[in-house]
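Engineer: With our numbering as the guide, the letters of the sequence shown map in order to residues 128 to 306.
Following this message is one structure expressed as structure tokens.
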Amino acid sequence: MMFRTISLTALVIMGLFVSVSNAQDSADYVLGTGDSISIQVHGEEDLSFETRIGGDGTIRYPFLGDIKVTGRTVAEVRWLIADGLKGDYLDNPSVNVSVIEYRPFFILGEVKKPQHYAYQPGLTVRQAIAIAGGLTERASEEKIELKRFVNGKFTVIQNVKLDMAIEPGDTITIAQSFF
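Written out as structure tokens, the structure is:
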């Protein structure tokens, strides 16, 4: 058991130092409650800032008011802000929106430290288990459930494999083994 925990910890450490390019790093990333974003408008310090997306899924932006950002991609939010500022406020705004901190993932059940943890792009179930201190003695590596919010509803995936990639906001539950 000790070897398994050490091996999982080593995998996590190696995985965190590897640069991973995936949807979370691109304009296609879908924003959600708990993500922190940076909005930069070239040459306009008063319109550039960092903010965390609240429970209502909106951000308050100068001149534009509340903007619903959850469920939209980073590229869509960039376009919304640029389009809103164009004309009345700026001639040709250059806007950049980026994720600076992803919403956490949750790991529950038969792990040593069940709670929420900071998400990092490229994270797998195996690495999430290592971050949570490893499996308990009663844990089942075959009975792993993952809940993910997809298209406005929660999707439950049963018997998840250890190498499956997780996403921000996922909830992983490790069940007990009966042996």
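Think of the CB as a built atom: it goes at the ideal place given N, C-alpha and C, for glycine as much as any other residue.
As a quick exercise: from A255, E237, T282, pick the residue whose alpha carbon is nearest that of K274.
Structural biologist: T282
Engineer: Have a look at T263, I227, I293, P220 and flag the residue whose alpha-carbon is nearest the alpha-carbon of Q254.
Structural biologist: I293
Engineer: From I301 to F276, what distance separates their C-alpha atoms?
Structural biologist: 18 Å
Engineer: Please determine, among N286, G211, G184, Q167, the residue with the shortest C-alpha to C-alpha distance to V196.
Structural biologist: G184
Engineer: For the beta strand (DSSP E) that contains R275, what are its first and last residues?
Structural biologist: 266-277
Engineer: What residues match up with S165 in a beta bridge as DSSP calls it?
Structural biologist: E177, S225
Engineer: Would DSSP call D210 helix, strand or coil?
Structural biologist: helix
Engineer: Please check the pair D162 and P295, which I expect to be a contact at CB under 8 Å, by giving their CB distance rounded to whole angstroms.
Structural biologist: 7 Å
Engineer: Could you compute how far the alpha carbon of R199 sits from the alpha carbon of R187?
Structural biologist: Straight-line Cα distance between these residues: approximately 16 Å.
Engineer: Rounded to the nearest angstrom, what separates A150 and R230 at their Cα positions?
Structural biologist: Per-residue confidence for A150 stands at a pLDDT of 40, beneath the threshold of 50, marking its modelled position as unreliable; no derived number is given.
Engineer: In whole angstroms, give me the CA-to-CA distance for G182 and A266.
Structural biologist: 33 Å
Engineer: Please report the Cβ distance between Y244 and A257, rounded to the nearest whole angstrom; I am assuming they are in contact, meaning their Cβ atoms lie under 8 Å.
Structural biologist: In fact, because the Cβ distance is near 11 Å, the residues do not count as touching under 8 Å.
Engineer: Report the three-state DSSP secondary structure of V287 (helix, strand or coil).
Structural biologist: Three-state result, V287: coil.
Engineer: Please confirm whether E272 and I299 have their CB atoms less than 9 Å apart.
Structural biologist: Yes.
Engineer: Classify I164 as buried or exposed, calling it buried when 16 or more other Cβ atoms lie within 10 Å of its own Cβ.
Structural biologist: buried
Engineer: Whose CA, out of L174, T160, G159, lies closest to the CA of P220?
Structural biologist: Minimum Cα distance to P220 is reached at L174.
Engineer: Mind reading off the beta-carbon distance from V238 to G261? Whole number of angstroms is fine, and I expect it under 8 Å.
Structural biologist: 7 Å
Engineer: If we count the other Cβ atoms within 10 Å of its Cβ and call it buried at 16 or more, is F190 buried or exposed?
Structural biologist: exposed
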